[in-house]
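Asker:
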Amino acid sequence: MTGTVFNIQRFCINDGPGIRTTVFLKGCPLRCEWCHNPESNKKTEELLFSSEKCISCGKCAAVCENGVHIFSESHNLLRENCVFCRKCERICPAQALNIAGEIKTADEIIKAVLSDKEFYEDSGGGLTVSGGEPFFQYEFLLEILKKAKENGLHTCIETSGFTEREKILECARFTDIFLFDYKLSDPVLHKKYTGSGNSVILGNLKALDENGYKIILRCPVIPEVNDNEEHLRGIAETANGLKNILGIEIAPYHELGISKSERLGQAKIKTFRVPEKEEIQKYIDTVKKYTSVPVKRM
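Numbering (the working numbering), first residue to last: 65 to 362.
1. If you follow the beta strand (DSSP E) that I344 is part of, which residue opens it and which one closes it?
2. Can you give me the C-alpha to C-alpha distance between M341 and E144, rounded to a whole angstrom?
3. Taking DSSP as the reference, what is the three-state secondary structure of Q73?
4. In terms of residue numbering, what span does the beta strand (DSSP E) encompassing V285 cover?
5. Tell me whether K168 sits in a helix, a strand or coil according to DSSP, three-state version.
6. If you check the beta carbons only, do I280 and G225 fall under 8 Å apart?
7. How about K231 and Y202: do their beta carbons lie closer than 8 Å?
8. For L328, I'd like the list of residues in its chain whose CB is within less than 7 Å of its CB, leaving aside the five on either flank, ordered along the chain.
9. Note down, in chain order, each residue of its chain lying with its Cβ closer than 7 Å to the Cβ of G122, except the 5 sequence neighbours on either side.
10. Quick check on the burial criterion: 16 or more other C-beta atoms within 10 angstroms. Buried or exposed for V359?
11. Can the beta-carbon of V127 be found closer than 8 Å to that of K151?
12. Assess, as a yes-or-no matter, whether the segment 187 to 196 is touched by the segment 76 to 88 under the definition of 3 or more beta carbon pairs within less than 8 Å.
13. Cβ atoms of F238 and R282: under 8 Å apart, would you say?
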């Protein structure tokens with residue numbers, strides 16, 4: 065079985081316990097306005113172009129058989145013509161072009177992950193599958209998890225929780241910890257800022273907890289969206305209602321998604337104010353005020 069992966073990142077220390085390899089799967093059903101991985105939204109491969117790196121050498125146009133690259137006063141792209149052959153990516157001397165997404169088998173992924181197994185054993189780490197939304201490629205995710213367990217790996221899934229109940233519970237059988245996003249307490253605001261309400265998400269969170277699966281809540285905090293005391297208290301109260309909660313992680317807004325969106329040729333995305341260090345500590349302290357569950361910054 066194959067799936068579309070947009071990154072395999074080694075030596076991660078913020079995606080679960082210990083040293084981990086994080087595998088990022090493409091595709092996501094949500095459209096969070098603060099998304100820092102816009103190249104993960106579509107399941108298919110995508111062409112990224114960094115105009116500031118381009119030296120207008122024309123080598124990409126020379127090797128492209130589909131007329132994607134057009135040079136006039138500037139380097140323009142007909143992205144709809146791209147078949148993702150990667151010829152332009154390989155020949156570009158300035159590394160201005162790259163393809164987000166690569167078709168891989170589950171065996172290829174496990175082989176890459178196992179190359180660092182000694183580090184997992186020493187640190188209590190393992191494999192984390194992230195996205196996008198990993199459940200967007202459910203069958204592929206399940207096969208990766210099964211093969212990981214066959215090889216004795218500790219496993220985590222980072223998820224928005226927006227998927228069918230039976231899928232999340234089936235994958236849970238092969239998952240040690242869920243890194244579960246908690247974005248907004250208010251269902252109306254959740255739909256406004258992510259494109260979907262949160263009833264399915266909260267239902268899946270409850271189901272995981274009731275079935276004894278370990279959970280870490282990951283909470284993006286966005287100024288003027290959910291940085292208010294009502295939501296921060298909601299994080300704490302949600303954690304207090306879980307029997308198998310291991311901790312809460314606060315993820316303050318950053319602007320890394322802006323340049324990626326530009327490289328994808330997307331319309332300018334909405335931006336938010338980046339919180340100051342003191343504000344971030346206040347978020348953490350506010351959540352701590354309402355819970356005894358461990359709280360830290362991601």
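Each residue gets a CB set at the ideal place from its N, CA and C atoms; glycine is no exception.
The structure displayed is predicted, hence computed values, not measured ones.
Answerer: With the structure as the only source:
1. Translated into the one-based positions of the sequence shown, residue 344 becomes position 280. Note, I344: premise wrong, no beta strand (DSSP E); alpha helix (DSSP H) at 341 to 353.
2. Here residue 341 refers to the residue found at position 277 when the sequence shown is read from its first residue. Here residue 144 refers to the residue found at position 80 when the sequence shown is read from its first residue. Note that residue 341 corresponds to Lys in the displayed sequence, not to Met. Cα to Cα, the separation comes out at about 42 Å.
3. Mapped onto the sequence shown, residue 73 falls at position 9. DSSP places Q73 in strand when its eight states are reduced to three.
4. By 1-based counting over the sequence shown, the position of residue 285 is 221. Counting along the chain, the beta strand (DSSP E) containing V285 begins and ends at 278 to 285.
5. Along the sequence shown, read from residue 1 onward, the residue named residue 168 stands at position 104. Reduced to three states, the DSSP call for K168 is strand.
6. For the purposes of this step, residue 280 is taken as the residue at position 216 of the sequence shown. For the purposes of this step, residue 225 is taken as the residue at position 161 of the sequence shown. No, the Cβ-Cβ distance between I280 and G225 is not below 8 Å.
7. By 1-based counting over the sequence shown, the position of residue 231 is 167. By 1-based counting over the sequence shown, the position of residue 202 is 138. Taking 8 Å as the Cβ cut-off, K231 and Y202 qualify as a contacting pair.
8. Here residue 328 refers to the residue found at position 264 of the sequence shown. So the qualifying residues of the chain are P102, E103, E110, L112.
9. Taking the first residue of the sequence shown as 1, we reach residue 122 at position 58. Here the set comprises F135.
10. Within the sequence shown, numbered from 1, the residue matching residue 359 stands at position 295. Buried: at least 16 other Cβ atoms inside 10 Å.
11. Along the sequence shown, read from residue 1 onward, the residue named residue 127 stands at position 63. Along the sequence shown, read from residue 1 onward, the residue named residue 151 stands at position 87. Closer than 8 Å, so yes.
12. yes
13. Here residue 282 refers to the residue found at position 218 of the sequence shown. Here residue 238 refers to the residue found at position 174 of the sequence shown. No. Outside cutoff.
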